[in-house]
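The number in my numbering is simply the position in the sequence shown, starting from 1, with 59 added.
From the three backbone atoms N, C-alpha and C, an ideal C-beta is built for every residue, glycine too.
These numbers were taken from a predicted model, which means no experiment stands behind them.
I have placed the structure first, in the form of structure tokens, so that the comments after it can refer back to it.
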Amino acid sequence: MINKRFIPVILLTFVNTIGFSILIPVLPFVTEKYGEGPLVYGALLSAYSLFQFLAAPLIGSLSDKFGRRPTLILSQAGTFLSWIIFGAAYFVPNIAIGPVALPIIVIMFSRIVDGITGGNVSVTNAYVADITAPSERTKYYGILGAALGFGFIFGPAIGGFTASFAIGYLGTTIAAAIISLITLVITITNLTESLKHEDLSHNLKIKFWQEINVFQKIKKFSTNTHIKELFIKRLFFALAMGAFSSTFAFYAKDSLNLDAKQLGFLMLFIGIFAIFNQAYLVNLIAKKLSNKTTFNIGQVVLAISISLLFFHPTIGWFVAIMYLTNLGISLSIPTFKAMLTSSVDHKQQGQIAGVDESIMAGSNGFIPVIAGAVYAAISANAFLIFAVLPFIPFALKPLFARRSRR
């Protein structure tokens with residue numbers, strides 16, 4: 060039986076994921092329209108993640124102090140505004156400002172706005188931790204992942220479809236703005252506060268410069284050896300996932316000759332994988348093997364699947380590899396979140412979720428630029444490098460074990 064309070068969170072995640080994933084098959088063609096390539100594409104992805112990296116701990120702390128609901132409303136309003144700005148870039152004259160076109164600068168600004176207010180994932184994760192027992196969290200994070208999978212089915216398909224019209228990416232931004240507005244309405248009308256008044260951290264002093272000092276926050280929680288190990292695993296997992304996510308669209312475009320519409324529908328098919336994996340398979344495996352073992356298996360599967368792209372697969376093999384990649388990610392994310400949120404008390408859920416999201420965003424803040432440059436230089440060979448990343452924490456573990464014994 061699903062907790063009724065969880066249903067609006069499922070809807071929120073589903074609709075919000077559509078609004079995010081709608082851009083995936085379109086953005087490479089937007090940069091191409093203005094004469095830019097993988098490097099600028101990576102920079103646009105990085106802009107969002109870099110500012111999310113700075114803002115996520117602040118958003119998480121705000122949710123601990125003032126509640127999850129008002130913080131989510133603020134976040135969704137920022138996302139809606141960012142799509143309005145993105146759409147405005149379509150009408151900006153295509154003139155060069157330094158090395159890039161003016162519309163690209165406007166699009167960059169829109170991604171920054173969305174990044175600053177983009178802490179909704181961390182707050183949603185804290186919300187789930189608020190309303191579930193630790194023993195149920197893998198199950199509920201898995202369901203949340205399935206809702207995300209549904210979003211990834213429809214988002215890229217909508218993005219590819221809307222971009223195929225004469226107005227190009229303007230149609231995509233209009234659709235995304237409407238979806239974002241729907242998300243905001245759902246948040247306002249259906250989401251109840253998950254924290255009781257007495258559970259709010261009223262005495263939490265929020266100082267802006269301290270809150271955006273992510274490294275200080277990480278240091279605070281890393282006094283716990285278990286959390287420190289989880290953070291290291293999260294970092295390299297985020298690097299591998301970010302490198303793959305920021306280059307596979309170019310790989311599909313270059314190696315398989317897919318256009319935006321075809322790429323969108325391919326991602327629709329791939330999204331079906333996530334629903335099965337996260338709604339059913341993850342919880343089944345985690346119950347039998349434990350969260351830690353399931354997470355480690357996910358990392359190995361992810362590394363192997365990324366490396367297989369080196370062999371320039373046909374479209375059929377590409378879909379099979381994408382399933383394996385999705386399986387690795389699906390096994391890793393819910394189990395990691397369950398382990399992390401079970402490591403702190405309920406009054407710190409927003410803070411720990413904010414730091415977690417910040418680590419993910421921080422890696423995504425620079426890895427798309429680096430991954431884009433590596434892919435531009437060595438093409439599919441880059442995936443062999445990306446595949447090494449999930450194994451690094453396992454290689455480092457003996458070193459940290461020796462230090463802890465001293």
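Should residue i go down as buried or exposed, given a rule of 16 or more other Cβ atoms within 10 Å for buried?
{"i": "residue 436", "result": "exposed"}
{"i": "residue 275", "result": "exposed"}
{"i": "residue 278", "result": "exposed"}
{"i": "residue 292", "result": "buried"}
{"i": "residue 142", "result": "buried"}
{"i": "residue 224", "result": "exposed"}
{"i": "residue 244", "result": "exposed"}
{"i": "residue 343", "result": "exposed"}
{"i": "residue 154", "result": "exposed"}
{"i": "residue 415", "result": "buried"}
{"i": "residue 212", "result": "buried"}
{"i": "residue 426", "result": "buried"}
{"i": "residue 389", "result": "buried"}
{"i": "residue 404", "result": "exposed"}
{"i": "residue 192", "result": "exposed"}
{"i": "residue 80", "result": "buried"}
{"i": "residue 200", "result": "buried"}
{"i": "residue 454", "result": "exposed"}
{"i": "residue 370", "result": "exposed"}
{"i": "residue 91", "result": "exposed"}
{"i": "residue 253", "result": "buried"}
{"i": "residue 249", "result": "exposed"}
{"i": "residue 347", "result": "exposed"}
{"i": "residue 364", "result": "buried"}
Along the chain, where does the alpha helix (DSSP H) that runs through residue i open and close?
{"i": "residue 185", "result": "179-190"}
{"i": "residue 371", "result": "Where residue 371 is concerned, there is no enclosing alpha helix (DSSP H), given that its DSSP letter is neither H nor E."}
{"i": "residue 249", "result": "228-249"}
{"i": "residue 313", "result": "307-314"}
{"i": "residue 295", "result": "284-304"}
{"i": "residue 325", "result": "319-335"}
{"i": "residue 149", "result": "Neither: residue 149 is in no alpha helix (DSSP H) and is coded neither H nor E."}
{"i": "residue 443", "result": "441-447"}
{"i": "residue 358", "result": "350-367"}
{"i": "residue 198", "result": "196-222"}
What did DSSP end up calling residue i once you bin it into helix, strand or coil?
{"i": "residue 81", "result": "coil"}
{"i": "residue 69", "result": "helix"}
{"i": "residue 120", "result": "helix"}
{"i": "residue 94", "result": "coil"}
{"i": "residue 415", "result": "helix"}
{"i": "residue 126", "result": "coil"}
{"i": "residue 176", "result": "coil"}
{"i": "residue 347", "result": "helix"}
{"i": "residue 403", "result": "coil"}
{"i": "residue 278", "result": "helix"}
{"i": "residue 435", "result": "helix"}
{"i": "residue 397", "result": "helix"}
{"i": "residue 63", "result": "helix"}
{"i": "residue 456", "result": "helix"}
{"i": "residue 115", "result": "helix"}
{"i": "residue 225", "result": "coil"}
{"i": "residue 253", "result": "coil"}
For the candidate residues the options, whose alpha-carbon lies nearest to that of residue i?
{"i": "residue 241", "options": "160, 67, 418", "result": "67"}
{"i": "residue 329", "options": "353, 187, 160, 216", "result": "216"}
{"i": "residue 296", "options": "401, 73, 75, 451", "result": "451"}
{"i": "residue 444", "options": "248, 249, 367, 130", "result": "367"}
{"i": "residue 108", "options": "169, 354, 372", "result": "169"}
{"i": "residue 124", "options": "285, 255, 376, 306", "result": "255"}
{"i": "residue 140", "options": "171, 189, 119", "result": "171"}
{"i": "residue 417", "options": "282, 307, 182", "result": "182"}
{"i": "residue 381", "options": "355, 311, 285, 207", "result": "311"}
{"i": "residue 247", "options": "110, 307, 131, 387", "result": "131"}
{"i": "residue 361", "options": "377, 338, 385, 347", "result": "385"}
{"i": "residue 89", "options": "208, 145, 428", "result": "145"}
{"i": "residue 73", "options": "113, 203, 428", "result": "203"}
{"i": "residue 84", "options": "137, 63, 65, 319", "result": "319"}
{"i": "residue 301", "options": "233, 187, 375, 428", "result": "428"}
What does residue i pair with, by DSSP beta-bridge criteria?
{"i": "residue 159", "result": "156"}
For the ligand SAM, is there any heavy atom lying closer than 7 Å to the beta carbon of residue i?
{"i": "residue 102", "result": "This structure does not include the ligand SAM; it has no bound ligands of any sort."}
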